[in-house]
Each structure stands twice: as structure tokens, then as C-alpha cells.
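Line order of the protein sequences matches chains A and B.
Letter by letter, the first sequence follows residues 625 to 783 of this note's numbering.
Letter by letter, the second sequence follows residues -13 to 379 of this note's numbering.
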Amino acid sequence: MRKLLELLEENCKLAPAELAVMLGQEEQAVIALLEKLEADKVILGYRALINWGKVEGNGVTAIIEVKVTPERETGFDKVAERIYRFPQVRSVFLMSGAYDLLVEIEGSSLKEVAMFVAEKLAPLENVQGTVTHFILKKYKQDGVIFAEQEEDYRLVVTP
Amino acid sequence: MSRQDWHPDDCISPLIKSLPPSGIRRFFELVSQAKGVISLGIGEPDFATPWHIREASVFGLERGHTSYTSNWGMIELREEISRYLNRRYDLSYLPDSELLVTVGVSEAVDLALRAILSPGDEVLIPEPAFVSYGPCTLMAGGTPRPLITSAADEFRLTPETLEQAITEKTKAIILSYPNNPTGAIMPKEHLLPLVEILQNHNILVISDEIYSELTYEAQHSSIAGFSGMKERTLVLNGLSKAFAMTGWRVGYAAGPSEIIAAMCKIHQYTIMCAPTQAQRAAIEALRNGEPEMQRMIRSYDQRRRLIVKGFNDLGLDCFEPRGAFYAFPSITRTGLSSEEFAQRLLAEESVAVVPGNAFGESGEGFVRCCYAVATSDIEKALERIGRFVQRNS
């Protein structure tokens, strides 16, 4: 299962037939395993990793440190839910250390993100304070390096 | 001789002149000129050396570690090699007398042959084989004797072939498993009958085990590990293939101290020592490189399955290679010779493969295809080869 997941994590376009050959398994078995992994929410989706920096009119991304007061019984979960329900929020993590939630936000402009923080995030009842960091450049994300691909320097024919 | 009669060509020794030019080299020129080619003619990993290994070398440079090392190689490296051979293959070699660090396995092959051969001595070379064994034997004054292996035996050396080839002139045999170009391996049960024959004769085994880590659904066994074989075997290995370190040029020889000392004599006069920075990198690789190595091996294995199934689906019989990163399909159904096949495939479908006869006459009828290339390129190449085969059968 681990090998299958690693292959897909690297390239989710591989078809079950190809995966089956590469893993030395029956195609039907691979299909069944994929269905199970999807049902168990181990595989949550199949997406392209896009370097938006190369697309014109791309937006901005900000990382926001949020300090919150946990609620009785639900702890941080309820607050987190109120934050992650906003479609602008790309990811939310509960953190150890100087702040509680790390929130990643995408917007079409600096202003839009700033307004979201000022109007939606900061006023939430349990939020004590926020620190917003705008991302200037992405070098590597989800294990993928964004720089131009290195050339294949190997000799084309070697003994 | 007058001034005008000077021809640089006349300086060259008759022996060197008589050496056959490498068939691969000729083909390389052809491929380099072509555009849009998918090359399965490559002979090295498609991974760059893992970063932690490169970083160790950079750190050494920053600290100014740029001087010569001992002729034998850095003692820390020899200690790591000793531990590694013990851990992986259950072999024991003393770091201070039974191990020599060389500039890749290629140098070790040359040193071994030069250290042992006298004119008239014969060296048995199971073929298809890596291209350097024959020429190195000739340059060391010996006579290469090819032993034919066949697809029917999955390119293993059989005891019958070995037995028949041995004469009183036989000085050594070069075993090279996992094999380049066939991908064949020699598991323990197939080595055993060879061991019995070799122990009845005074023949040194030169065991080139550079692909030892790259085995699939099988475990490599070194012939030196058989009882009574350590004293009559030279194990040659290196970091190029397993740790994706081809360009660093670090290999080593492990064997009886007398032979290693003789090899070191030649090495000290011709090479001095393997590059210092490469030795530093090698120490890091052997200490901490195994997880990355295992990841790369898994990746080769997946692509191996893809290409072998691909060839068999196209009707190009391909026995299942269990070692190295080459597939060696038969192309006889096309009616073309290996060279015709390779040249026309390149011209008509822009796929480069290496003609099997570059590795000895018994490689005729086969082509070597390296699967250490991107999965998408393997698929595209198979599609193009499929078209080509259909037109030619």
C-alpha cells in the first residue's frame, strides 16, 4: 500500500494498469485498493501542483499566525472550524509554540487578503491576535522544487 | 628518418592499434547528432547523487581538505567499506591490508589484470560482458577467452561451459554479476557448482560486483563468501551505481593482502590516490546513504517491470532481468542484426538502444535498453519500438 501511495504522490496520472505492472500486482487488486484508500479518505484527491507564479494575474498567498482562546469542551477545534470554512483559507494547522493556529490564505490581491484578516479573521470572538506574513516567492512546495528543471547531463550512450 | 616522414600514427604501439574501437563509442556519435531522441542507451542512474552525500563533499572543500590521501585511500573510508561489505554481504576484509580504494571499478579491473598477468596467461570472460574486460586483458599482456552464455540459461555461466574452457594457461576468470548488459544474476545455488570447479584449479576469480545492490526479488551473493573462496577471489565494487555516484569515480578492491599490495604498487605509481573530495563523499554515502539507496532501487524495480512487460507484449522476448538496470530483449524476430536494428530504430523512431554485439559476439540478436529513465520516456520509447517492430516483422 505504501509503495502505491508513494507512486501516486509523485504522479497521480499513472493508470491502474501501469501501477499494477510497476508494483507486480493484478490490475483488479490495484483498483480495489485504490477504491478502499479513497473510501477510507487516505487518498483525498488527485490534483495538479501548479506553479501559479508562472501564470499571469496570479494572486497572493499569506501565512497568518493566529493566537486564540480555546473553548471549553471543544478546545481549538471549533475555532479552527470557523476559520477553515472560509473558502479563501487553504490550510489550517494547530501548532505548538508562540501561537496556536497557522492559517494559509489565498487572495487575488494584497488588499483582499488584508481585508479578509481585518474583517473576518481578527474579529472572531476567540481570536486574540494575528500576525500576517505575505509569501514573496515559492522555492519548494509539497516536496516539489519550483526552479527550472535541471538538465539531464548524462551521456546519451555509455557502456 | 627524414623530417617529412614523421607520422604521429607510427608512434602508436601495435597492441593499442590492434585494439577494437568500442562499438558503443561509434554509436554514441550517431546519437549525439540526432534530435528529439529518447535514449535507452544510458549506463547510469537517473538520480543525482543524494544531497547529503554532495553536502559532505562540499563541507570538506570548505574546510580546505584538498590534499592527497594515502595511496590506499583514506583509512576512514576503508573502515567504512569493510563494515559495509560485512553488513551487506557477510564478507570480512581488514581495512589496513585487504582493501584498496580506486578510481572507479574500471581502475580496479585494470590493476587486477596488470598485477597478475604474464604473457600467454588466459583470462576467461563470460559474455555478453562489459566492454573493458577484453581490452584491459590484452593491455596487461594476457589473452581474453570469451565464454558464451545464452538467454536459455538466463545468461548465467554454467559449470559445463566453465569446465570446458579451463586450460593450464587459465590464470583468472572475470565474473560480473549482476551483469551489464544482460541484467542476469548468479544466485548462491548457481554459484556453488562453479565454486567446486574453481577450487580444483589455480584460478583467481575477479568478481566485478558493481551492481550488487541493484537486485530485484533476489539477494546478491558474493562468490568470495563461499568457504575457501576468499583467498582466491578479488571482489571489485564501488559506489557509482548503488549511490548514484558515477561521476565521482570511487571504487575499491577487496582481496588477499598480497594481491591488494601488488595492485597498490601500480596504483601508487599511476594514480597516487582516488580524488579526496570523492572519498569524503563516499564515507558519507556508506555511513548514511542506505535509505536513499533503497528508495532508488524501489524506483528502478518499478520501471523494470514496466519495460520487461512492454517488450514481451511487443513480441520481443525478454527474459526477466533480476539485476542492474538493463533489459536485454531479443530482436531476432525482426530479422535485423543488432546494429541494423539500433541504427534504423534511431533513424526512423528516434530511440537509442545499444546493439548487443558491442558486449561480445553472443550479444548479437539482442539490444541493451536501460530503464533508468523517466517512466513517461519508457512508455513513449515502447510505443515507438512497437511501431518499428510492426513494420519489420
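Idealized CB from N, CA, C, for every residue including glycine.
All values derive from a computational prediction rather than experimental measurement.
| said: I want to know whether the region 168 to 180 of chain B touches the region 188 to 208 of chain B - three or more CB-CB distances under 8 Å. | reply: yes
| task | Please report how far the alpha carbon of Lys762/A lies from the alpha carbon of Ile674/A, in whole angstroms. | result | Within the first sequence, numbered from 1, the residue matching residue 762/A stands at position 138. Within the first sequence, numbered from 1, the residue matching residue 674/A stands at position 50. Their Cα atoms are separated by approximately 11 Å.
| said: Quick check on Pro640/A - is its C-beta less than 8 Å from some C-beta in chain B? | reply: Position 16 of the first sequence, counted from the start, is the residue given in the question as residue 640/A. Chain B contact via Cβ: absent.
| Pairwise C-alpha distance: Thr693/A and Val768/A | Indexing the first sequence from 1 puts residue 768/A at position 144. Indexing the first sequence from 1 puts residue 693/A at position 69. Between Val768/A and Thr693/A, the C-alpha separation is close to 35 Å.
| query | Relative to the C-alpha of Glu199/B, which residue among Leu110/B, Ser118/B, Arg69/B and Tyr75/B is closest? | reply | Walking along the second sequence from the start, residue 199/B turns up at place 213. Of the listed residues, the one whose Cα sits closest to Glu199/B is Tyr75/B.
| query | What do you get for Ile(-2)/B, buried or exposed, if any count of 16 or more other CB atoms within 10 angstroms of its CB means buried? | reply | Here residue -2/B corresponds to residue number 12 of the second sequence, with the count starting at 1. The residue is exposed, with fewer than 16 neighbouring Cβ atoms inside 10 Å.
| request: Check Ile10/B in the structure and name its three-state DSSP category. | output: Within the second sequence, the letter at position 24 stands for residue 10/B. Helix, per DSSP.
| query | DSSP state of Ile246/B, grouped into three classes? | reply | Taking the second sequence and counting its residues from 1, one reaches residue 246/B at position 260. Helix, per DSSP.
| Which class does Tyr79/B belong to by DSSP, given the choice of helix, strand or coil? | Taking the first residue of the second sequence as position 1, residue 79/B is located at position 93. Reduced to three states, the DSSP call for Tyr79/B is coil.
| query | Is it buried or exposed for Phe45/B, if we count other Cβ within 10 angstroms and need 16 for buried? | reply | For the purposes of this step, residue 45/B is taken as the residue at position 59 of the second sequence. With fewer than 16 Cβ atoms within 10 Å of its Cβ, Phe45/B is classed as exposed.
| request: May I ask you to report which of helix, strand or coil DSSP gives Arg714/A? | output: In the first sequence, the residue the question calls residue 714/A occupies position 90. Residue state, collapsed to three classes: strand.
| task | Kindly indicate which three-state DSSP category Leu332/B falls into: helix, strand or coil? | result | Walking along the second sequence from the start, residue 332/B turns up at place 346. It is helical.
| Which whole-angstrom value describes the C-beta separation of Arg218/B and Leu184/B, a residue pair presumed to lie in contact below a C-beta threshold of 8 Å? | Counting from one through the second sequence, the residue named residue 218/B turns up at place 232. Counting from one through the second sequence, the residue named residue 184/B turns up at place 198. The Cβ separation is near 7 Å, so the contact holds.
| For chain A, is any of its Cβ atoms less than 8 Å away from the one on Gly169/B? | For the purposes of this step, residue 169/B is taken as the residue at position 183 of the second sequence. Not closer than 8 Å to any Cβ of chain A, the Cβ of Gly169/B fails to qualify, so no.
| query | Which first and last residues belong to the alpha helix (DSSP H) in which Cys(-3)/B is found? | reply | For the purposes of this step, residue -3/B is taken as residue 11 along the second sequence, with counting starting at 1. Start and end: Pro(-6) to Cys(-3).
| query | When you compare only the Cα positions, how much space is there between Phe758/A and Gln288/B? | reply | Start at 1 with the first residue of the first sequence, and residue 758/A comes out as number 134. Start at 1 with the first residue of the second sequence, and residue 288/B comes out as number 302. Their backbone Cα atoms lie some 41 Å apart in a straight line.
| request: Go ahead and pull the three-state DSSP assignment for Arg640/A. | output: On the first sequence, residue 640/A is found 16 positions in, with the first residue counted as 1. Checking the sequence, you will find Pro at residue 640/A rather than Arg. Reduced to three states, the DSSP call for Pro640/A is helix.
| field | Close Cβ partners of Glu182/B (< 7 Å) along its chain, the five nearest in sequence each way excluded | value | To locate residue 182/B, count along the second sequence from 1; it is residue 196. For Glu182/B, where only same-chain residues beyond five positions count, there are no Cβ hits under 7 Å.
| query | Can you list the residues of chain B that Lys627/A reaches, using a CB-CB cut of under 9 Å? | reply | Position 3 of the first sequence holds residue 627/A. Chain B residues near Lys627/A: Arg284 and Gln288.
| query | Which residues of chain B have a Cβ atom closer than 8 Å to the Cβ of Gly767/A, listed in chain order? | reply | What you label residue 767/A is simply residue 143 of the first sequence in a count that begins at 1. Chain B residues near Gly767/A: none, gap ~13 Å exceeds 8 Å.
| said: If you reduce the DSSP assignment to three classes, tell me which class Asp98/B lands in. | reply: Working through the second sequence from its first residue, we reach residue 98/B at position 112. Per the sequence presented here, residue 98/B reads as Ala, with Asp not at that position. Correct three-state label for Ala98/B: helix.
| field | Endpoints, the beta strand (DSSP E) within which Cys355/B is located | value | As a first step, residue 355/B must be located in the second sequence, where it is residue number 369. Taken as a continuous stretch (DSSP letters only), the beta strand (DSSP E) holding Cys355/B covers Val353 to Cys356.
| field | Beta carbon of Gly224/B nearer than 8 Å to that of Ile196/B | value | On the second sequence, residue 224/B is found 238 positions in, with the first residue counted as 1. On the second sequence, residue 196/B is found 210 positions in, with the first residue counted as 1. Going by C-beta atoms, Gly224/B is nearer than 8 Å to Ile196/B.
| Does the region 684 to 698 of chain A come within contact of the region 731 to 739 of chain A, defined as at least 3 CB pairs closer than 8 Å? | yes
| said: With distance defined between alpha-carbon atoms, name the residue in Tyr777/A, Phe700/A, Gln765/A and Pro783/A nearest to Trp676/A. | reply: As a position in the first sequence, residue 676/A is number 52, starting the count at 1. Ranking Tyr777/A, Phe700/A, Gln765/A and Pro783/A by Cα distance to Trp676/A puts Gln765/A first.
| query | Going by DSSP, which residues form a beta bridge with Gly342/B? | reply | Counting from one through the second sequence, the residue named residue 342/B turns up at place 356. According to DSSP, which records beta bridges pairwise, Gly342/B is partnered with nothing at all.
| Under 8 Å by beta carbon: chain B residues contacting Thr756/A | Translated into the one-based positions of the first sequence, residue 756/A becomes position 132. Within 8 Å Cβ-Cβ: nothing; Thr756/A doesn't reach chain B, min ~33 Å.
| message | Please identify, using Cβ separations under 8 Å, the residues of the region 682 to 710 of chain A that lie next to chain B, in order along the chain. | response | none
| field | Between the CA atoms of Asp303/B and Glu334/B - distance to the nearest angstrom | value | The residue labelled residue 334/B in the question sits at position 348 within the second sequence. The residue labelled residue 303/B in the question sits at position 317 within the second sequence. So the alpha carbons of these two residues sit roughly 22 Å apart.
| query | Starting from Phe758/A and walking both ways along the beta strand (DSSP E), at which residues does that stretch end? | reply | The sequence position of residue 758/A within the first sequence is 134, counting from 1. Phe758/A -> beta strand (DSSP E) spans Val751 to Phe758.
| query | Pairing CB atoms from the region 252 to 269 of chain B with CB atoms from the region 42 to 60 of chain B, are three or more of them under 8 Å? | reply | yes
| task | Just list the alpha helix (DSSP H) runs in the region 233 to 294 of chain B, keeping only unbroken ones of 4 residues or longer that don't cross its boundaries, in chain order. | result | 243 to 256 and 262 to 274
| Under 7 Å by beta carbon: chain B residues contacting Arg778/A | For the purposes of this step, residue 778/A is identified with residue 154 of the first sequence, where counting begins at 1. By Cβ distance, chain B contributes Ile28 and Glu30.
| said: Is there a C-beta anywhere in chain A that falls below 8 Å from the one on Ser56/B? | reply: If you number the second sequence from 1, residue 56/B lands on position 70. Taking Cβ atoms only, chain A never reaches closer than 8 Å to Ser56/B, which makes this a no.
| message | Counting only beta-carbon separations shorter than 8 Å, does Leu631/A have a partner in chain B? | response | Residue mapping note: residue 631/A aligns to position 7 of the first sequence, counting from 1. By this cut-off, Leu631/A is an interface position.
| field | Leu292/B vs Met646/A beta-carbon contact at 8 Å | value | By 1-based counting over the second sequence, the position of residue 292/B is 306. By 1-based counting over the first sequence, the position of residue 646/A is 22. Contact: yes.
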